[in-house]
Each structure stands twice: as C-alpha cells, then as structure tokens.
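Following: one structure in structure tokens, then a few remarks.
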Amino acid sequence: MAQLRLILGDQLSPGISSLRDATVGEDVILIAEVQEEATYVRHHRKKIAFLFAAMRHFARELESAGHRVRYVRLDDPANQGSLRAEVARALEAEPSLEGVVATKPGEWRLMQDMETWRDLFPVPVELREDDRFIVSTAEFAAWAKGRRQLRMEYFYREVRRRTGLLMDGEEPAGGQWNYDAENRKRLPAGLAPPPRYLPEPDALTREVIELVGERFPDHFGDLAPWVFATTRDGAEAARDHFIADILPGFGDWQDAMARGEPWMWHSLLSLYINCGLLDPLDVCKRAEAAWRDGSAPLNAVEGFIRQIIGWREYVRGIYWLKMPGYAEMNALGAHRRLPEFYWTGETPMRCMAEAIGQTKRHAYAHHIQRLMVTGNFALLAGIDPAEVNEWYLAVYADAYEWVELPNTHGMALYADGGMMASKPYAASGNYISKMSDYCGSCQYSVKEKTGPRACPFNYLYWDFIARNREALKGNPRMALIVRALDRLPQAELAAMQDEAGAYLNKVAGRSEPEIKMKS
Ligand code: FAD
Ligand code: DLZ
Ligand code: SF4
C-alpha cells in the first residue's frame, strides 16, 4: 500500500516518525515550498532561504537513499501555494497512493489545519507524534498535573535523571544540578570571542538565495552575508566546531554582550536543531563527552545542556499544554504598538541598534539580547504581546511558534502572569551597562534618569514598575523594588513618568509594512 509521506520544512530528519516505515522506491515523499508557510508572518528573508535550501538538500539526501521524492519548488507554475493543496495535487497526480502519513507539526495553527485533512482527502490520513523531543506532550502534561507552579528547574532535573546526562549514578555530576552562579561574567576588556566557522553557500543555496531575493522583496532582513550551513554535513561541522572550540567559554560569557560581536560564545545551533538537521540529544551527549574528556568545564557543559534538555523541552511542553489560550494572554494589559525601529534598527539606543541590526543582518541574536534588550524594552514600554510575538516569530531563523511564543510571551513579557517566570525580567539601563560595552558608545547616558540625555531604559523601568504596581506588589520577588518605588521622591517619579510618556508617544509606530508579494 503506497503512501504519501509529507515532510514539513522543520522536519528534515531521516529518522522522523513519518518516514520510519517508508518503503523505498514505492512510497512518495512530498516536500513543498509554499507561499502560505512563507508568509503567515513576514519571515526574515534569510530564514526562508535557509529553510528552502535545507529542504532541497534534504530531498537530495532522500533521493540518494533511493526514495521517490516529489519536491515542489516555490517557482513551479503549478504550485498551489499551501501544504493542503499540494497534498491534494500529489494524491491526484499519483492515484496509486492509498494514504497520507505525516508527523504532527510544531505549530498549533498548522495542526488545526492538518486535523481537517482526514475529512478533505479520499484516503486515510495518519498524524504521528514528533518523537524528536525527549519529553512527549503527554508526558509533560502528566508532569504538570497538580503542580501549582511549573518551574523549569524541577522539570530539568527529571530530564537529567531520565536521560542520564551529567549524572553520576543518582547524583548530578559535580554535586550540583545548576552552575549558573558561575555563568554571569562580564566580558573583560581585551578578550575577544573566538573566530567562527561560517560556511560559504554552495550552488544550490545560491540559487535559493536569488529566488528569495526576487520573491520576497519586501520582507525584513538581509540575505548577505550568508552565515548558515544548509546541509546535514554542514550543520554537523558547525556542531563539532562549537564543541571543540567555543563550548569551553560558553558558560563564563553566556550573558555577556559586546559591540560588533553577534555570536559571542553561543552555539548558533538552534536553527539546525529546530529544523531537524541536528538531533538535540546527540548534541548534548557530545557536549557531555567534552566535559568527561576534560576539554570543556562543567559550568559550560551543564549550562549548555540545560538550555536544550531543560528550556527547549520545557517551552515546548508549556506551548502544547496551554494553547490556544496562551497566545491570547496579556496579564499586564499591554497595548502599545511596536515601534518602527524594530524593523529598521534605526534608534540612537546603542543596545537596541546592535541587537536589531544583527537580527536584520543575520536572523540571529543571542538569548540575552532577545530577553534583556529587545524583550526588556517591549516589556517596559508595554507593547502589545501579539505584536511582539509576531516580530520574534518573523525575524529569527530558529523561530517556530512552539518555541518562540513561550519565550516571548512567558519569559520576556510576563504576559502569562507568571506561569513561566517567577517575576518579570524587567531591568533598567544598569543591567545592560553591567553586561555589555554598549553604553560607552551610546548617545544616552546610562547614569541619568531624566532629561534629554537620560537612558530610556531608566525612566521606562520606573514607569513600568509604577504602572504595574498593583499587579506586582504581591510578588515576593518584587517586594524590594516596589518598596524602592514607594521611596522615590514624588517629583522624581512624576518627571520619569512624563519622560516615559513623551518618549513612547514619539517612538509609537506601525507594526510592519504592507506585504507586497511578487507573484
Ligand atoms: P545557545 O545560547 O548556544 O543555546 C544552546 C541551545 O539551547 C540553543 O541552540 C537552543 O536549542 C537551546 N535554547 C537556549 N535557550 C533556549 C530557550 N530559552 N528556549 C528554547 N531553547 C533554548 N529559541 C528558538 O530556538 N527559537 C525561537 O524562536 C526563540 N525565540 C526566543 C524569543 C525570546 C524573547 C527569547 C528570550 C528567547 C528565544 N529563544 C528562541 C531562546 C534562545 O534565545 C535561542 O534558542 C538562542 O538564542 C539560539 O541561539 P544559540 O543556538 O546560539 O543558543
Ligand atoms: C517556516 C517555513 C517556511 C518559511 N516555509 C515552509 C514551506 O514552504 N514549506 C514547509 O513545509 N514548511 C515551511 N516552513 C516551516 C513550517 O512553517 C513549519 O513546519 C510549521 O510552522 C510547523 O512548525
Ligand atoms: Fe542602551 Fe541605555 Fe546603555 Fe544606551 S545608555 S546602550 S539606551 S542601556
């Protein structure tokens, strides 16, 4: 019984559940570049090019293994523009196909659509679990049941026990579960991040880059310089380079930021893991091996592994547990529009210009830039979570809603009222000044709270605390801050609130330009 096996753009794993029992030479594997997926948000052009190039390379990989692949290119005149319509077209073209097999998608939006396929098509449709994750959605729901708080740290310990990663018998390696206290160092002057392996695009990737340049002229983001691998071999080379040369410094400088240094000691592996070119557990095992053979310290390796088996699995669990309501939450009642400079990077705030500028250039910013610079600004300014979510989903090469939404909504914006974070990650300019060299070259002064040179993060911070005093006062982790607010001289607070209001009115903007697609 020949089957049509659908592979989505973020399912580029030969061992994925939908391919597990595929009959070589008989079943047809469908991979389709479609307008609907490329435009449901205005994805960064580098993200689209990366994914299309990786999809085309994966098709070649499957063909070399003898599979029959039906690859639909975006510029195929017969392209129907949606996954649903391409499945229908494939079934019409190959009447011998007797069923559709797919792995469940990562996003709620597409899952809703795919659940209707059983009624749409004349053959049975089987949707299988995505077991590339360590913890299934059902296991996460069972873990969450009856818990008052869903703290990542406890979840992470269970995943450590289950995988045996960094475990010495029943005990965590080194005696502690978490070495974060060693991972918050500021970058000393004169210490530069190591050089990175940044691959050149091959002929296939160059062809895709050209296509994306032509077809998505008005989408955000630069196509050059090219910085991503688009093959499994290339992603594995990036992984090996990270583990050998970068991982030893990952922990120490994990929270640090420096001007003109987009990568620091971060892995740049999320886009490969999320689209299936790398296996998350395998990456963690290799990192552990680096600690066991003495080539990387425990604080770095534990910190890195926690991000993957802890945070990554945890946010996916939260997403499927709480959707669809999670996307609608707005606990702090934030309703401002996203400032225009999120799309241009043109702002005198050096920290924001750096984070947005590199996002535009590379479709990448590291965690602290996403959380404590662009995320923190959006939180303090009271930007509508829906607009912020859309921005994060569009601009990063690793962004899919299952991972982006809880990070944005739960972690950065506190829009879920504390389901994920025990307090809002709100910070004044002082935090950015401590963790980066940005302020030294900024036209604002991080030391000033009011006046034309005052750092906007300073008055926005106190305006945020004052605005949300009632919502925050019951939170024990905010008690000190609320007391500090209450001790501020009235005139000083009023001046900061005035500055904040005037500033926010000045930068208030549209969310994104009209989509003008070239057909
Ligand atoms: P590293 O710093 O090297 O971390 C190692 C790996 O750990 C990453 O490759 C990633 O797989 C995983 N990881 C680290 N932190 C997280 C986290 N908080 N949640 C899930 N996985 C994590 N990550 C995405 O993959 N896609 C997103 O769309 C995304 N959106 C985010 C939005 C906001 C507002 C914030 C605060 C964080 C977001 N993150 C997202 C998490 C994190 O910032 C990125 O995973 C990380 O910056 C990717 O770069 P890296 O591979 O160099 O990561
Ligand atoms: C992100 C993306 C893009 C830009 N384009 C495609 C595409 O043309 N075809 C496809 O199958 N998948 C694409 N994707 C990834 C999907 O959006 C992703 O599979 C869903 O959002 C579920 O995570
Ligand atoms: Fe950012 Fe303020 Fe520092 Fe300028 S002074 S870089 S706006 S934190």
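Just remember that this note's numbering sits 236 ahead of the position in the sequence shown, which is counted from 1.
Yeah, the Cβ is synthetic: ideal placement off N, Cα and C, and Gly gets one too.
Keep in mind it's a predicted model, so treat the numbers as computed, not measured.
Under 8 angstroms between C-beta atoms of M788 and L363: In the structure as shown, the chain begins at 237 and stops at 755. Residue 788 is therefore absent and cannot be evaluated.
Between the CA atoms of E322 and R522 - distance to the nearest angstrom: Spanning the two alpha carbons is a distance of roughly 39 angstroms.
Quiz: which residues have CB nearer than 5 angstroms to the ligand SF4 non-hydrogen atoms: That query returns the following residues: M585, R586, C587, G665, I668, Y674, C675, C678, Y680, V682, C691, F693.
Outcome for P516 when other beta-carbon atoms lying within 10 angstroms are tallied against a minimum of 16: Its Cβ being crowded by 16 or more others within 10 Å, P516 is buried.
DSSP state of S672 mapped onto helix, strand, coil: In the structure shown, S672 sits in a strand (DSSP, three-state: E or B).
Minimum C-alpha distance to E272 - residue among L266, I284, D404: Comparing Cα-Cα distances from E272 to each of L266, I284, D404, the minimum goes to I284.
Buried or exposed by the 16-neighbour rule on C-beta atoms within 10 Å, applied to M237: With fewer than 16 other Cβ atoms within 10 Å, it is exposed.
Check: V270 C-beta below 7 angstroms from any heavy atom of the ligand DLZ: Result yes, Cβ under 7 angstroms from the ligand DLZ.
Cut-off 7 angstroms between Cβ atoms - residues of its own chain near S253, not counting five sequence neighbours on either side: Only T339, R364, E365, D366, D367 meet the Cβ criterion.
Paired residues, beta bridge with A494 - DSSP: Residue pairing from DSSP places A494 in a beta bridge opposite E497.
Opening and closing residue of the alpha helix (DSSP H) in which Y650 lies: Taken as a continuous stretch (DSSP letters only), Y650 belongs to no alpha helix (DSSP H), as it is neither H nor E.
Proximity below 8 angstroms, CB of G317 to CB of D246: In this structure, the beta-carbon distance from G317 to D246 does not fall below 8 angstroms.
Where V551 falls: helix, strand or coil (DSSP): Judged by DSSP in its simplified three-state form, V551 adopts helix.
Rounded straight-line distance, which links the Cα of P484 to that of A526: So the alpha carbons of these two residues sit roughly 9 angstroms apart.
Identity of the residue in Y632, L574, P621 nearest R597 by Cα: For R597, the nearest C-alpha among the options comes from Y632.
DSSP bridge partner residues for L363 (one or two, in chain order): Note: L363 is bridge-paired with A338 in the DSSP secondary-structure output.
Beta-bridge partners of Y739, as assigned by DSSP: Note: Y739 sits in no beta bridge, so no partner.
Cα-Cα separation, G512 to K670: About 36 angstroms.
D311 versus A301, L242, A465, A268, residue with shortest Cα-Cα distance: The shortest C-alpha separation from D311 is found at A268.
Pick from I544, K709, F577 that is closest to I370, judged by C-alpha positions: Its Cα nearest to that of I370, the residue I544 stands out among I544, K709, F577.
Member of T610, M493, R573, G251 whose CA lies at the smallest distance from the CA of L427: Cα-wise, what sits closest to L427 is M493.
Cut-off 7 angstroms between Cβ atoms - residues of its own chain near A289, not counting five sequence neighbours on either side: Same-chain partners within the cutoff: L440, T441, V444, T466.
Distance cut-off 7 angstroms: T644 Cβ against heavy atoms of the ligand FAD: It does: the Cβ of T644 is within 7 angstroms (strictly closer) of some heavy atom of the ligand FAD.
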